[in-house]
Each structure stands twice: as structure tokens, then as C-alpha cells.
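Trainee:
Protein chains: 2
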Amino acid sequence: MSEARSNELANGGAAARERLLRAAVDVFAEKGYGQASTREICRRADVNVAAIHYYFGDKASLYKAVFDIPERLVQLPAALDDSSTSLEDGLRAWYEHVMSFTLTADDRSHIRLLFLREQVQPSGILEPNRAGILRPYHAQLVRFLMPHLGIDAVDRELHQLVFSLVGIAMVLYVERAAVRVLAPGLIDSETTIAQTVDGLVAHALALVNAERDRRQQAQS
Amino acid sequence: MSEARSNELANGGAAARERLLRAAVDVFAEKGYGQASTREICRRADVNVAAIHYYFGDKASLYKAVFDIPERLVQLPAALDDSSTSLEDGLRAWYEHVMSFTLTADDRSHIRLLFLREQVQPSGILEPNRAGILRPYHAQLVRFLMPHLGIDAVDRELHQLVFSLVGIAMVLYVERAAVRVLAPGLIDSETTIAQTVDGLVAHALALVNAERDRRQQAQS
DNA sequence: TTGCTTGATTCAAGCGCTTGCTTTAGTCTG
DNA sequence: CAGACTAAAGCAAGCGCTTGAATCAAGCAA
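Protein sequence lines, in the order shown, are assigned to chains A and B. Using this note's numbering, the first residue of the first sequence is number 5, and each one after it goes up by one. Using this note's numbering, the first residue of the second sequence is number 5, and each one after it goes up by one.
1. Which residues, taken in chain order from the region 151-167 of chain A, show a beta carbon closer than 7 Å to some beta carbon of chain B?
2. For the region 170-183 of chain B, enumerate the residues whose C-beta is nearer than 8 Å to any C-beta of chain A, in chain order.
3. May I have the straight-line CA-CA distance separating residue 14 of chain B from residue 67 of chain B, to the nearest angstrom?
4. Starting from residue 209 of chain B, trace the alpha helix (DSSP H) both ways and give me its first and last residue.
5. Determine the burial state of residue 129 of chain B: buried for a count of at least 16 other Cβ atoms within 10 Å of its Cβ, exposed for fewer.
6. Identify the contact partners of residue 203 of chain B in chain A, using a Cβ-Cβ distance below 7 Å as the criterion.
7. Below 8 Å on C-beta distance, what does residue 123 of chain B contact in chain A?
8. Whose Cβ in chain B lies nearer than 8 Å to the Cβ of residue 20 of chain A?
9. On the CB-based measure, 16 or more other CB atoms within 10 Å of its CB, does residue 30 of chain A come out buried or exposed?
10. Quick one: using the 10 Å Cβ neighbour count with 16 as the cut-off for buried, is residue 168 of chain A buried or exposed?
11. Have a look at A/44, A/175 and A/139 and flag the residue whose alpha-carbon is nearest the alpha-carbon of residue 165 of chain B.
12. What are the boundary residues of the alpha helix (DSSP H) that residue 30 of chain A is part of?
13. Using a Cβ-Cβ cut-off of 7 Å (strictly less than) and excluding sequence neighbours within five positions of residue 69 of chain B, which residues of its own chain qualify?
14. In or out: residue 208 of chain B buried (at least 16 other Cβ within 10 Å) or exposed?
15. With contact counted as at least three CB pairs below 8 Å, one residue from each stretch, are the region 32-40 of chain A and the region 36-43 of chain B in contact?
16. Identify which residue in A/28, A/52 and A/82 has its Cα closest to the Cα of residue 72 of chain A.
17. I want to verify the contact list: residues of chain A whose CB lies under 7 Å from the CB of residue 200 of chain B, in sequence order.
18. Assuming residue 49 of chain B is part of the alpha helix (DSSP H), what are its boundary residues?
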């Protein structure tokens with residue numbers, strides 16, 4: 005901590021450690037842990053190879069450090085935590101938020117790819133049983149839906165509903181290459197994505213409404 | 005062809021080439037193309053390292069050969085191509101089929117993981133623009149749904165409906181680690197998976213019915 | 001049967017290269 | 001000068017791939 009700060013003051017404020025972290029996010033996201041080379045990370049960060057050892061110890065610890073900066077990077081759509089938001093508006097806000105990932109390739113998308121990769125192909129370095137980047141999104145949807153379903157306890161049906169809501173968008177992201185081949189016009193441009201979001205909202209409403217109906221029927 | 009056959013006859017019918025292919029599926033699925041080592045593949049296939057060069061030329065060609073055996077491995081649920089199958093029965097057959105992937109780890113599951121990995125993290129070796137393993141599943145659902153929706157042409161709404169139907173199951177597979185952490189009891193055992201299939205069918209019916217209603221409304 | 005040839009296959013060895021990491025000698029700043 | 005940091009070189013290990021010799025069954029002539 006204090007060493008790092010004095011370091012920042014020492015050199016031109018560039019903070020080699022910080023550049024190293026940023027480059028690591030990029031390279032790990034592009035190549036995966038195993039295929040990422042420390043030499044390339046250092047080259048992109050414009051530091052010497054010894055810097056990784058100096059600041060982090062080794063490659064695995066650098067990887068862990070990359071995954072230790074996650075929460076502040078995940079910014080959830082605020083509308084869903086406003087209790088006055090209608091069901092449709094909340095769902096639309098949520099899908100607009102997550103579908104923006106599909107097209108753009110900004111700074112944050114790299115870290116998202118990193119989390120997805122760790123999910124599909126665990127490196128074995130991080131402790132297992134971590135829910136990854138899905139947890140905050142899942143938790144927010146659970147919070148948002150409970151009042152709209154008129155329930156105050158989480159059960160497996162609610163969990164499954166939320167996973168389905170996530171799934172109808174996630175398939176478009178994970179399989180975006182296949183989607184573009186099989187159904188051109190779904191996620192090719194901002195315009196088509198806007199249409200697709202409309203479809204997602206309609207699907208989501210159908211799912212939530214069906215679940216609400218099922219619960220009312222089960223009560224009577 | 006004839007050389008390969010005489011080879012099979014020559015040795016104990018073990019066919020080193022075949023063992024090599026099988027081992028390659030396993031190792032590529034476990035490690036990914038870049039992290040898989042030809043030495044390990046040969047070790048598992050119980051052949052000499054030179055065998056890859058002898059039979060396939062190099063590592064990349066072995067990888068391509070693995071991806072050239074796909075179609076016969078994808079066995080679709082037959083019920084969906086029977087026009088007498090009801091909507092609910094067809095959907096149930098489909099989800100029972102695909103959800104069997106989530107728990108089991110049989111021979112075929114490795115090749116499925118391989119396709120998923122290639123989708124998320126393309127190796128750059130296969131020609132791009134291939135829809136991967138999703139294509140046959142997608143096509144079958146499109147065929148199955150058209151009569152139940154009363155349409156005879158494929159449009160973008162139908163495509164998106166199918167992707168949503170795929171997505172609500174795929175999220176449980178791709179994020180199965182997170183699902184087990186966030187919602188234990190969804191995909192932990194055959195019993196819970198059976199319950200989850202019930203939920204998937206209910207969700208799918210809600211989606212299809214909503215889409216049919218939308219089309220009827222749009223007509224009038 | 002016997003010995004020889006041939007072509008297919010396997011084998012151990014090693015080439016050149018990249019990897020993660022370490023070391024040693026330095027430079028710069030306060 | 002002391003401590004924070006960097007630079008360059010090099011280590012052992014692993015990588016894909018190649019090589020030339022060894023092995024083996026099949027075909028063939030004497």
C-alpha cells in the first residue's frame with residue numbers, strides 16, 4: 005500500500021503497477037490464463053519482465069490481483085433498485101444494459117470477457133465455488149422481481165425465473181458468432197440490437213407474467 | 005483409406021489413429037487448443053509423438069480432424085420431427101435431451117465442451133463463420149415451432165424465440181458452476197434436474213404462447 | 001521352408017524456440 | 001548513501017516438430 009503510493013510519487017506518476025494490471029486484463033481476456041505470456045503483458049505495459057515478480061510475485065498472483073478489482077467495475081442499472089420502476093421499465097433497463105455488451109468492445113468489456121472465460125474454462129488458480137460476475141446481476145433481478153411477484157421469500161422457482169431472464173440475453177452474447185450466422189439481423193448493429201431488446205422485454209414479460217399466474221393459481 | 009484399413013488389419017485392430025483422435029478430443033476439451041500439448045495427447049493415446057505428424061501432419065490439422073466428426077455425434081431428439089407431437093411434449097423432449105448434458109460427463113460431453121470452447125474462445129484454426137454445434141439444434145426447433153405458430157416462413161421473431169428457448173437452458177449449462185452456488189437445488193442431481201425441466205417447459209410454453217398471441221394480434 | 005525386399009509404422013533423440021521466473025548489476029530519487 | 005525500481009541476461013522446463021534408425025508383417029523368389 006504505502007510502498008505503492010510512494011512508488012507513484014517516485015516515478016512520473018505513471019504507476020508501473022497500474023499499467024501492469026491494465027495490460028494484464030487485456031491479455032488475459034484475449035488469450036486466457038494459460039496462453040497469456042508474462043512477456044507480452046510486460047511489453048504492453050511497457051515495463052520490464054522483472055516488474056511482475058517485483059510487484060506481484062508471479063503470474064498466478066497477478067491473475068488473482070486482476071480478479072480482485074471486480075465489484076466497482078460491475079455497475080448495475082440503477083432503475084431496478086428504484087421501487088417505483090414498473091416491471092416493463094425495469095426489464096427494459098436491464099436488457100438495454102446487458103445487451104450493450106454484445107456490440108461494444110470498450111475497456112470494461114475486456115474484464116467481462118475475462119469473467120466469462122474463467123466461468124467456461126476455469127484456470128484453477130482462483131478458489132472454486134465463486135459465482136463470478138453473475139452474482140450481482142442475479143441478486144439485483146431477484147430483488148427487483150420479488151415485489152412484482154408479490155412474494156417476500158426467495159424460492160427455487162424465483163431463482164429459475166431469474167436464470168431464464170438472464171439466459172435469453174446471455175445466449176445472444178455467448179453464441180454471438182453463431183447468432184450472426186444463423187440469424188443475421190439480430191445483433192449486427194445498434195439498430196437491430198434495439199429491436200432485439202424489444203423482443204427480449206416481450207419475452208421477459210411473458211415469463212414473469214406466467215410465473216405470477218402460476219403462483220396465484222397455486223394459492224387458490 | 006486403403007492404407008488406413010490395412011493398418012487396422014496390420015496391428016491388433018487398435019488403430020493408433022483412432023486412439024489419437026479420441027485422446028485429442030479429451031485433451032483439447034479439457035485444456036483448449038493452445039494449452040493442450042501434443043505430448044500429452046500422445047501419452048494418453050499411448051502412441052509416440054511422431055504419430056501426430058505421421059497421421060495428421062501437425063497439431064492444427066489434428067484439431068481440424070477432431071472437428072470433422074461432428075454431425076453423427078449430434079443426435080437430436082426424434083420426437084420433434086414427428087408432426088403429431090404436441091407443443092408441450094416436443095418442448096419437454098427437447099429440454100430433457102439437452103439438460104442431460106448438464107450432469108453427465110460421458111464420452112460425448114467432451115466434444116460438446118469442445119464446441120462451446122471454440123465458440124467462446126475461437127482458436128483461429130477453424131474457418132470462421134461456422135455456427136458450430138448450435139446449428140442443428142436451432143434448425144430443429146425452427147422446424148418444430150413453425151406449424152405450432154401457424155406460420156410457414158422464418159422471420160427474425162421466430163429466430164429470436166428459438167434463441168430464447170435455447171438460452172433458458174444454456175445458461176444453466178454454461179454457468180452451471182454459478183448456478184450451483186447461487187441456487188443449489190436446480191441442477192445438483194437427477195431429481196432436481198427433472199424439476200428444473202418442468203420449469204423450463206413451463207417457461208418455454210409461456211414464450212411460445214406469448215409469441216403466438218402477438219402474431220394473432222398483429223394480424224388483426 | 002528359407003532368405004530377402006518392401007512399405008507401413010513406431011521409436012528415441014534432439015532441434016530451435018518460448019515459457020515463467022530468477023539473478024545480478026545497475027539507475028534514479030530523496 | 002539508502003531504498004525503490006529497472007535493465008539485461010540467463011536458467012530449466014516445456015513446447016511443436018523433425019529425423020534416421022528400428023521394427024514388423026506381407027509378398028516373393030529360390
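Ideal placement from N, C-alpha and C gives every residue a C-beta, glycine not left out. Since the model is a prediction, treat every value here as computed from it, not as a measurement.
Mentor: Concretely, from the data shown:
1. Of all residues in the region 151-167 of chain A, 160, 161, 163, 164 and 167 have a Cβ within less than 7 Å of some Cβ in chain B.
2. Identification of residues in the region 170-183 of chain B having a C-beta nearer than 8 Å to some C-beta of chain A yields 170, 171, 172, 173, 174, 175, 176, 178, 179, 181, 182 and 183, given in sequence order.
3. Bear in mind that a pLDDT of 40 at residue 14 of chain B, under 50, signals an unreliable position, so the model cannot answer this.
4. DSSP places residue 209 of chain B in the uninterrupted alpha helix (DSSP H) bounded by 194-223.
5. Classification of residue 129 of chain B: exposed, given that the 10 Å Cβ count is below 16.
6. Result: 161 and 164.
7. By Cβ distance, chain A contributes 178, 179, 181 and 182.
8. Residue 20 of chain A does not reach chain B, its nearest Cβ partner there being about 28 Å away, counting only Cβ pairs nearer than 8 Å.
9. Residue 30 of chain A should be labelled buried.
10. Counting C-beta atoms within 10 angstroms of its own C-beta, residue 168 of chain A has 16 or more neighbours from the protein chains shown and is therefore classed as buried.
11. Among A/44, A/175 and A/139, the Cα nearest to that of residue 165 of chain B belongs to A/175.
12. 20-35 is the span of the alpha helix (DSSP H), which, as asked, contains residue 30 of chain A.
13. Contacts found: 25 and 60.
14. Sixteen is the threshold: when 16 or more other Cβ atoms of the shown chains lie within 10 Å of the Cβ of residue 208 of chain B, as they do, the residue is buried.
15. Contact holds: three or more Cβ-Cβ distances are below 8 Å.
16. That would be A/28, whose Cα lies nearest to the Cα of residue 72 of chain A.
17. Going along chain A in sequence order, the residues near residue 200 of chain B (Cβ under 7 Å) are 164.
18. It spans 42-49 - the alpha helix (DSSP H) in which residue 49 of chain B sits, taken as one unbroken run.
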